[in-house]
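In what follows, a structure is listed as C-alpha cells, so that the remarks can point back to it.
Numbering (UniProt numbering), first residue to last: 1 to 359.
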C-alpha cells in the first residue's frame with residue numbers, strides 16, 4: 001500500500017469521517033473490480049494509493065537562503081528535480097545544469113526528474129533530455145502523463161472502459177503502453193459544434209474516465225464532450241494531470257497552463273478533479289515504492305511554491321526553491337505567501353559555486 005505523508009506544516013486528515021471543505025465536491029464512490037475509489041481535490045484514495053488532504057496549520061518558518069550546498073547534498077540520497085524552470089525553459093537549457101547534474105552523480109546521488117507537463121510521454125521526454133545534451137535514463141523520468149496511466153492501473157480501471165482525453169500525445173502514448181482504450185486528444189482539435197435548433201450531442205457511454213491535461217488544441221467540442229461523460233456516465237472519473245496556472249512554452253514569457261483547461265471542465269461539471277501530478281502525493285509515493293526511497297532522504301527541487309515545494313512538503317522531503325522559473329524572491333517573501341521551502345537559491349548551478357565557497 002502507498003501512503004501519503006505530510007510535513008509538520010500540514011496536518012493530514014486521518015479519519016474517514018473528516019469533514020471535506022465545502023469548496024471540494026466528492027463524486028460518488030466508484031467500484032472497479034471490487035475496489036472502491038472516491039475523489040478529492042488533490043488526489044484519489046484507493047487501496048493502492050491512500051492520499052490524505054493536507055490542511056494548513058500555523059505560519060511556516062521563512063525559507064533560508066542556501067549558503068552551504070555541500071551540507072544539503074550530503075544530507076540526502078536522492079534529488080527530485082522539476083523540469084520546466086529548473087532544468088530548462090521552453091527548449092533552452094538553463095546555464096550550468098549539465099555540470100550540476102554531473103557533480104551530484106559523482107557523489108552517488110540518485111536523480112529523478114518529475115514534470116507536470118503532460119504533452120510528452122516518458123520516452124519523448126527522454127529524447128528531449130538527449131537533444132539538450134543530458135544523459136537521463138527513461139526510468140528516471142516521471143511525467144504527469146505517465147502518472148495518469150499509472151493511477152488508472154492502481155485502481156484496476158476496467159480494460160473494457162474507455163478514457164476520454166483532453167490533452168496531447170503524451171497522455172495517449174502512456175495510455176497505450178498501459179493497455180487502456182482511449183479517444184479524444186489532438187484529433188478532436190478540429191471538431192466543431194454547429195448549434196442548430198434541436199441539436200443533441202452524442203457521447204460514448206463506455207467512457208469511464210476523462211483525463212484533462214495541457215492542450216494546445218483545446219476547444220468547445222472537447223469541453224462539452226468531457227462534460228457529458230462526467231455528468232451523464234455513472235461513476236465517470238474526472239482526472240487532472242495538474243492544475244498549473246502557467247507554463248514555459250518559450251523562454252520569453254509565461255503561458256496559460258494546464259490549470260486553465262482543467263478549470264473549464266470543473267466549471268461546467270461542478271466536480272473537483274482527481275489530481276495525479278504535483279502537489280498530489282501520488283507520484284511521490286510511486287517513486288518511493290519503486291526505488292525503495294525513504295522520503296526524508298529526498299530533496300525536492302522546483303521553481304513553483306504551490307506545486308513543487310508543496311509536493312515535497314506533502315511527501316515529507318527537504319525542499320529547495322530555485323528562482324530560475326516562475327517564483328521571484330519577492331513572491332517567496334510576500335506576507336501573503338504561506339508556503340515556505342527549507343531553502344532557496346537562484347538556480348541549481350549554485351550547487352557548484354556554493355560548494356566551492358565552503359571548501
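Ideal Cβ positions, reconstructed from N, Cα and C, are used throughout, including at glycine. Because the structure is a prediction, the values reported are computed rather than measured.
Between which two residues does the alpha helix (DSSP H) holding residue i run?
i           : result
residue 321 : That residue, residue 321, is in no alpha helix (DSSP H); its beta strand (DSSP E) goes 318-322.
residue 227 : 220-232
residue 199 : First-last for residue 199: undefined, no H or E at that position.
residue 129 : 122-131
residue 146 : 144-154
residue 170 : 169-178
Mind checking residue i: buried by the 16 CB within 10 Å criterion, or exposed?
i           : result
residue 293 : buried
residue 196 : exposed
residue 40  : Because the pLDDT of residue 40 is 35, which lies under 50, any placement of that residue in the model is unreliable, and the question is left without a value.
residue 315 : buried
residue 141 : buried
residue 99  : exposed
residue 344 : buried
residue 304 : buried
residue 117 : buried
residue 267 : exposed
residue 330 : exposed
residue 122 : buried
residue 61  : exposed
residue 386 : Nothing in the structure corresponds to residue 386, since the chain is present only between 1 and 359.
residue 74  : exposed
residue 220 : exposed
residue 281 : buried
residue 336 : exposed
residue 48  : Any answer about residue 48 is weak, because its pLDDT of 37 lies below 50 and its placement is not dependable; what the coordinates show is given next. With 16 or more other Cβ atoms within 10 Å, it is buried.
residue 199 : exposed
residue 334 : exposed
residue 155 : buried
residue 133 : exposed
residue 153 : exposed
residue 80  : buried
What span of residues does the beta strand (DSSP E) with residue i cover, start to end?
i           : result
residue 110 : 110-115
residue 63  : No beta strand (DSSP E) contains residue 63, which DSSP labels as neither H nor E.
residue 100 : Not the beta strand (DSSP E): residue 100 falls in the alpha helix (DSSP H), residues 97-106.
residue 181 : 181-184
residue 210 : 207-212
residue 157 : Where residue 157 is concerned, there is no enclosing beta strand (DSSP E), given that its DSSP letter is neither H nor E.
residue 164 : 162-166
residue 78  : 78-81
Given a cut-off of 8 Å on the beta-carbon distance, is the pair residue i and residue j in contact?
i           : j           : result
residue 275 : residue 233 : no
residue 166 : residue 218 : yes
residue 213 : residue 139 : no
residue 136 : residue 348 : no
residue 273 : residue 239 : yes
residue 211 : residue 150 : no
residue 222 : residue 184 : yes
residue 109 : residue 77  : yes
residue 255 : residue 246 : yes
residue 209 : residue 163 : yes
residue 114 : residue 82  : yes
residue 325 : residue 84  : yes
residue 120 : residue 128 : yes
residue 298 : residue 341 : no
residue 302 : residue 86  : yes
residue 203 : residue 175 : no
residue 338 : residue 244 : no
residue 101 : residue 111 : yes
residue 187 : residue 231 : no
Between residue i and chain B, is the shortest Cβ-Cβ distance under 8 Å, so that the two count as touching?
i           : result
residue 113 : Checking the listed chains, one finds no chain B in this structure; it contains a single protein chain.
Any heavy atom of the ligand PLP inside 7 Å of the beta-carbon of residue i?
i           : result
residue 274 : Inclusion of the ligand PLP in the displayed structure is not the case, the ligand content being empty and no account of it being possible.
Could you tell me whether the stretch 280-293 touches the stretch 318-328, using the rule of 3 or more Cβ pairs below 8 Å?
no
Start-end ranges of the beta strand (DSSP E) lying completely within the stretch 299-347, minimum 3 residues:
318-322 and 343-345
Three or more beta-carbon pairs under 8 Å between the stretch 172-180 and the stretch 150-164, yes or no?
yes
Runs of beta strand (DSSP E) lying entirely within the stretch 240-292, each at least 3 residues, in chain order:
none
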